[in-house]
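Protein chains in written order, with the working numbering: chain A, -19 to 252; chain B, -12 to 888.
As structure tokens, this is what we get:
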């Protein structure tokens, strides 16, 4: 954990926040909107066209005498299925491939677009984050270890606007660590480590939820994540040596207490 | 054997092997499971009425969620589709029945009894509660609450029995569709529903084999306390979680197409019939389906985007996943274009088709969202996933409900009430969307959780109301179909206009023998040839499904000597309930005993049944006598292990139930083997591409193909685990005292020699089994100078040599295992290396043991005159030989992997 202090200090000192153009929230919202928009349009067009055809070509003819269906007719222009025939296709193959082509273009376009965003999200994971936290899931809560060595099974407290890297694993069974409002999510797998990151744009209360069935306490396995305003964090850094886990613990305990007493209520922007 | 009692008799339904009867049994049973799992779903919806739940405890909710998934997917959806497959496929392709009718009955009974085992698990403390995905290590005893351990294991065993049913069914349908088509019906001409079933069973054959391997590994962790997923200490292994997800999803993703494809085929038939227009791009529709079937095996890691797999693999999986949506686009458009210029009648089946198409389109589009990895990161484990897969998988249920209305007149000869049918559709369609669409709106609800944001509760309440509406709509259907059964709305051949496939060309319900004459498409359209003419005076080739051909065939037309009734399928399958129940509660020290004691029972049964069926011969007496020293030997071992008196006194009732199950299973299997059961192979049939392979041989090939996947999965699991621990470090870790809880558990040495000797022994036995077949087919006796030996004795001799080779293999392996296990204390659970070694080579050993038991049967049969000579069919020896070569080849892979590398 050498150098952890440096990272934390840099948060305060030079104000050199890793400036990212987009957070995970931005990426998700943008992509989700694109998919939702296109998906809705495609869905409406296809379903309308389906219903239109089903309605337009319906027959009003009554059931034939003594039968439960209409009389079979023989048209000149359309070859209709006949009992006992060898199956064969109707005409319309060209149109089929045209629509197939169009849908392929739409889908491939969406995928290429979303792939570029994936690369952005994955590459950012490799950039040095402002701070790193190790997350360990266990039945049924989260254990955090900050890079100054401080450990807690309580709330995760991080500064607003900092890029926080998470290394996630599990102590027992498989969990999935997700902070919903921040769009950070990663599987917590025993014996394996996964990575993700987040950057809060608004201070506030978020929730770290388990998204993988992990036993009887799974349903209520959620804990608060407290994103404190930058000034609160900076003030703490002035008063305490954040590279010392014990001093950091003092600040952490005071902050949690203040938060529980409602002292941050007017400063927090979001409660999730 | 023999004729069927009438349908009003209960006995008829127990002994029937007719595909139409079996289809109806499947239909009724699967609907029962639909109602059961539907009730579970309503419990979920009631629990979700408010955040924090209403009526279920944590453990209760997890059980309900888990069993709802298991039962809907395994015991409802697939069997529901296969009810139609059973009923309709032989009719569509012009076959009298499936290729192996008794095995078909066995598929059904295994399905039913596995379901009973599953339902029973609720009463064993608790059923499995780790989700239908059963992620490791939450699925092993270390992480299952004590009150749920027995029931959880019973659930796993029920799944294994279900896979038995599926595998037998797949072999049967593949053989049937390839080998029993009416003359003139080329593969490309097979109607769409049957084609979709064909593609489905191919997927089933391979996907379920991988799941079987995963479940056997899991069972071994439960029963033998191996440590694939968690070590003896309870700590998870580094590799176990990922290993399970790989094995599970390799099966799990094809599985969603497995439940969807038969429905898709039925949808195409219904759209075609009710549009009165041939399917547009039929060829491309089929190619698209086949493409999806293949591609479904290379998309599984999209369920694992948030695990530790790397970006390159994620990218590949993203591409394959998104690409798999394109063939579906083509199929949907093909269905829509088919309607153009149609004469569309909005009958109930068509309404369900239309509704299901709309549902499927929504499900498909929301699935593309999930294919985009960045979106998937956020959707993972949320209701978006829940809503999406219900829109796709339940759309297959909606189609199949339509199929019930479509084929109901064919199955019963009566027409349902159209008004009630439409009312059912309306209520179910509204209910369905009210149930699942709100889940998209509040998709941020975590999955399998009943604590959610208070703001979501209105939407969840709407969904609950929708769920009850959807459920209520089925009451209309049950009422409608039941009352219609007694109505006077009779149906002759086809109630539908523009129906084209062969099932509509015969009366409703079809007679036992299906067709009025031999169906043929040779002239380009269906007509029925005179049976006597079609089969001519030519002697009919008789095939048996594992049974024994009766001697002295007559030249009568096939329908007069086909057998339809057999008690054995239900009797054999029933043993699964007892064996499964027994195993579920066995402690590790008793684990192997029910199986071991079943071996002498099996040998005695060969003697007893053989004497009854073939007439007493000395060999039968020998078998009966042989079983006594074997039992005594086992008792001695049992005494050394447990102490005879104490051991039996302390044995739990699970032990006795398990013992009863295994002994019963041994006896009935022998009974099945000895039964004479005639299934004539059609003389005239379209059989491309398997013209030159008889049914049973094709069945054996297909079965072995699935067994290859089982072993492939075992070997894959080994390689995967070994890579996780470091390929080169593997044996060093096993030998490192520091890596073990107790230093003396470390492996001291792992000699190669026993494996090498065994390789030679098996190869030699492969050779002798070939010689046995050659001798059986030899026309005359062998003589060398003054010595002469009859070909029957030669066959017997070579079979016995093969048996001795296998015995040598097992003895050698026994010595090796005693050294490793007892002397070196390298037990099953000391480390992952031991677990993979014992289980993988043990699975192979089990194959050897099964092969030896079959050989004992073959030796007894050969002794009494079967297989050898001009008028006997040596086919059975050949099929066994295929199996035996396969067992040898597997060893050729295991030997280097576990001994040399």
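Glycine is no exception: its CB is placed at the ideal position from the N, C-alpha and C atoms.
Distance check between residue 363 of chain B and each of B:288, B:879, B:310 and B:399 places B:288 closest, using alpha-carbon atoms only. Relative to the Cα of residue 30 of chain B, the nearest Cα in the group B:448, B:682 and B:4 belongs to B:448. Within 9 angstroms of the CB of residue 54 of chain A, no CB atom of chain B is found; the nearest one sits about 11 angstroms away. Contact annotation: the stretch 408 to 417 of chain B does not touch the stretch 487 to 496 of chain B, with fewer than three C-beta pairs closer than 8 angstroms.
Here residue 148 of chain B is near residue 100 of chain B, since their CB atoms are less than 8 angstroms apart.
Annotated as distal: residue 368 of chain B and residue 264 of chain B, with beta-carbon spacing of 8 angstroms or more.
Within the DSSP secondary-structure output, residue 167 of chain A pairs in a beta bridge with A:156.
No Cβ-Cβ contact shorter than 8 angstroms links residue 166 of chain A with residue 144 of chain A.
When the beta-carbon positions are compared, residue 172 of chain A and residue 295 of chain B come within less than 8 angstroms of each other. The Cβ of residue 84 of chain A sits closer than 8 angstroms to at least one Cβ of chain B. In the DSSP assignment, residue 50 of chain B falls within the unbroken alpha helix (DSSP H) covering 45 to 57. Taking one beta carbon from each stretch, the stretch 769 to 787 of chain B and the stretch 798 to 816 of chain B have fewer than 3 pairs nearer than 8 angstroms; the two do not touch. Residue 202 of chain A has A:189 as its beta-bridge partners, per DSSP. Those residues of the stretch 357 to 380 of chain B placed with their C-beta closer than 8 angstroms to a C-beta in chain A are 358, 359, 360, 361, 362, 364, 365, 367, 368 and 369, ordered along the chain. Proximity of residue 111 of chain A to chain B, defined by a Cβ-Cβ separation below 8 angstroms, is not satisfied. Listed along chain A is no residue with a C-beta nearer than 7 angstroms to that of residue 721 of chain B; the closest approach is about 18 angstroms. A straight line joining the alpha-carbon of residue 716 of chain B with that of residue 710 of chain B spans about 9 angstroms.
Residue 179 of chain A carries a strand assignment under DSSP once its states are collapsed to helix, strand and coil. Taking the Cβ atoms as the reference, residue 378 of chain B lies roughly 6 angstroms from residue 346 of chain B, within the contact range of under 8 angstroms.
Taking C-alpha positions only, residue 62 of chain A is separated from residue 484 of chain B by approximately 9 angstroms. A contact is defined here as three or more CB-CB pairs under 8 angstroms, and the stretch 855 to 875 of chain B fails this definition with respect to the stretch 615 to 622 of chain B. A distance below 6 angstroms between beta-carbons, with the five flanking residues on each side excluded, links residue 195 of chain B to the following residues of its chain, in chain order: 150 and 153. Around the C-beta of residue 49 of chain B, 16 or more other C-beta atoms lie within 10 Å, and the residue is accordingly described as buried. For residue 384 of chain B, the closest Cβ of chain A is not nearer than 8 angstroms. Contact check for residue 185 of chain A and residue 146 of chain A: beta-carbon distance about 18 angstroms, past the 8 angstroms limit, so the pair fails to qualify.
DSSP places residue 376 of chain B in no beta strand (DSSP E) but in the uninterrupted alpha helix (DSSP H) bounded by 370 to 399.
In the three-state reduction of the DSSP assignment, residue 776 of chain B falls in the strand class.
Between residue 792 of chain B and residue 755 of chain B, the C-beta spacing is below 8 angstroms. Bridge pairing for residue 123 of chain A: A:116 [DSSP]. One thing to note: residue 325 of chain B has its Cβ within 8 angstroms of the Cβ of residue 267 of chain B.
Interface annotation for the stretch 56 to 76 of chain A against chain B: 57, 58, 59, 60, 61, 62, 63, 64, 65, 66, 67, 68, 69, 70, 71, 72, 73, 75 and 76, criterion Cβ-Cβ distance under 9 angstroms. Per DSSP, residue 771 of chain B is one residue of the beta strand (DSSP E) stretching across 769 to 771.
If one requires a minimum length of 4 residues, the alpha helix (DSSP H) runs lying completely within the stretch 776 to 834 of chain B are 778 to 805, in chain order. DSSP places residue 515 of chain B in the uninterrupted beta strand (DSSP E) bounded by 514 to 516.
Residues 446, 449 and 450 of the same chain have their beta carbon placed closer than 6 angstroms to that of residue 425 of chain B, with the five preceding and five following residues left out of the count. By the CB criterion at 8 angstroms, residue 332 of chain B and residue 39 of chain A fall inside the cutoff.
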